[in-house]
Amino acid sequence: QKEVEQNSGPLSVPEGAIASLNCTYSDRGSQSFFWYRQYSGKSPELIMFIYSNGDKEDGRFTAQLNKASQYVSLLIRDSQPSDSATYLCAVNEDSNYQLIWGAGTKLIIKP
Amino acid sequence: GAVVSQHPSRVICKSGTSVKIECRSLDFQATTMFWYRQFPKQSLMLMATSNEGSKATYEQGVEKDKFLINHASLTLSTLTVTSAHPEDSSFYICSARPSLPGYSYEQYFGPGTRLTVT
């Protein structure tokens with residue numbers, strides 16, 4: 001059974017600090033990794049994807065992938081109260097283009 | 112780009128009736144669409160994978176005769192909840208995977224449909 005694991009949180013971070021969200025996955029053959037943000041009562045929104053080892057930056061967001069350790073993370077710099085949400089990590093499942101989802105980490109940015 | 116719409120956003124129906132939810136990809140074609148259900152404070156649960164022109168693939172434990180899925184075109188998939196009961200009350204969300212070069216597994220989500228069965 002392929003799995004994606006995240007700490008459920010909540011993770012509380014002061015405004016302006018760096019929020020670090022982590023995710024581990026079980027299938028060493030996974031190739032595509034995604035971070036989604038979900039506000040309470042809303043649907044998920046894709047914010048980052050990464051395919052290669054290393055870092056990928058997009059504005060205040062940086063995704064980091066380490067395939068050897070089967071670990072993917074999301075850093076949010078200069079955290080804002082509007083970043084308070086649940087962050088979902090997802091990994092490709094080869095069958096029918098499905099994604100395997102983590103349960104999500106709830107992030108709270110304190111003003 | 113990659114906008115997905117879902118209709119209706121909210122629906123209240125009586126027990127025993129059927130409800131149809133539409134999912135449309137507005138600016139791209141999607142060979143594959145997905146239907147999820149999410150209960151309050153719980154994670155996403157994949158119900159079924161819908162491929163244009165073929166039968167949907169349902170996840171274990173999801174009744175295919177109760178949750179009818181039709182993916183008749185490259186931009187439209189529908190989910191019909193038949194003979195709805197209060198325990199079917201949930202947040203139903205669709206997503207679509209662009210059938211375009213350069214896209215692999217990323218899914219774009221509709222805004223969701225909140226179903227309440229009384």
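Heads up: the sequence lines are chains B and X, in that order. The numbering of the first sequence is the working numbering, which starts it at 1 and goes up by one. The numbering of the second sequence is the working numbering, which starts it at 112 and goes up by one. Heads up, the beta-carbon is just placed ideally off N, CA and C, and yes, glycines get one too. No experiment lies behind these values; they were computed from the predicted model shown.
| Check | Outcome |
| --- | --- |
| Listed by chain order, chain B residues near Tyr216 (chain X) by CB distance under 7 Å | Ser32, Asn92, Tyr97, Leu99 |
| Cβ pair Gln117 (chain X), Thr224 (chain X) closer than 7 Å | yes |
| Nearest-angstrom Cα separation, counted from Glu93 (chain B) out to Ser184 (chain X) | 24 Å |
| At least three beta-carbon pairs within less than 8 Å, the region 123-136 of chain X to the region 52-62 of chain B | no |
| Test item: CB-CB of Ser40 (chain B) and Ile108 (chain B) under 7 Å | no |
| CB of Gln6 (chain B) within 7 Å of CB of Thr86 (chain B), strictly | no |
| Limits of the beta strand (DSSP E) - the one that Tyr25 (chain B) falls within | 19-25 |
| Proximity test, Cβ basis, 7 Å: Ala63 (chain B) and chain X | no |
| Coil, strand or helix - Tyr97 (chain B) by DSSP | helix |
| Closer than 7 Å to chain B by CB, Ser116 (chain X) | no |
| Three or more C-beta pairs below 8 Å linking the region 15-34 of chain B and the region 64-83 of chain B | yes |
| Cβ shell of Gly248 (chain X) (< 8 Å), same chain only, five flanking positions each side left out | Outside the shown range of chain X, which is 112 to 229, sits residue 248 (chain X), and nothing can be said about it. |
| Own chain residues within Cβ distance below 7 Å of Lys125 (chain X), not counting five before or after | Thr229 |
| Contacting residues, own chain, Cβ-Cβ under 6 Å from Tyr169 (chain X) (five flanking each side not counted) | Ala159, Lys175 |
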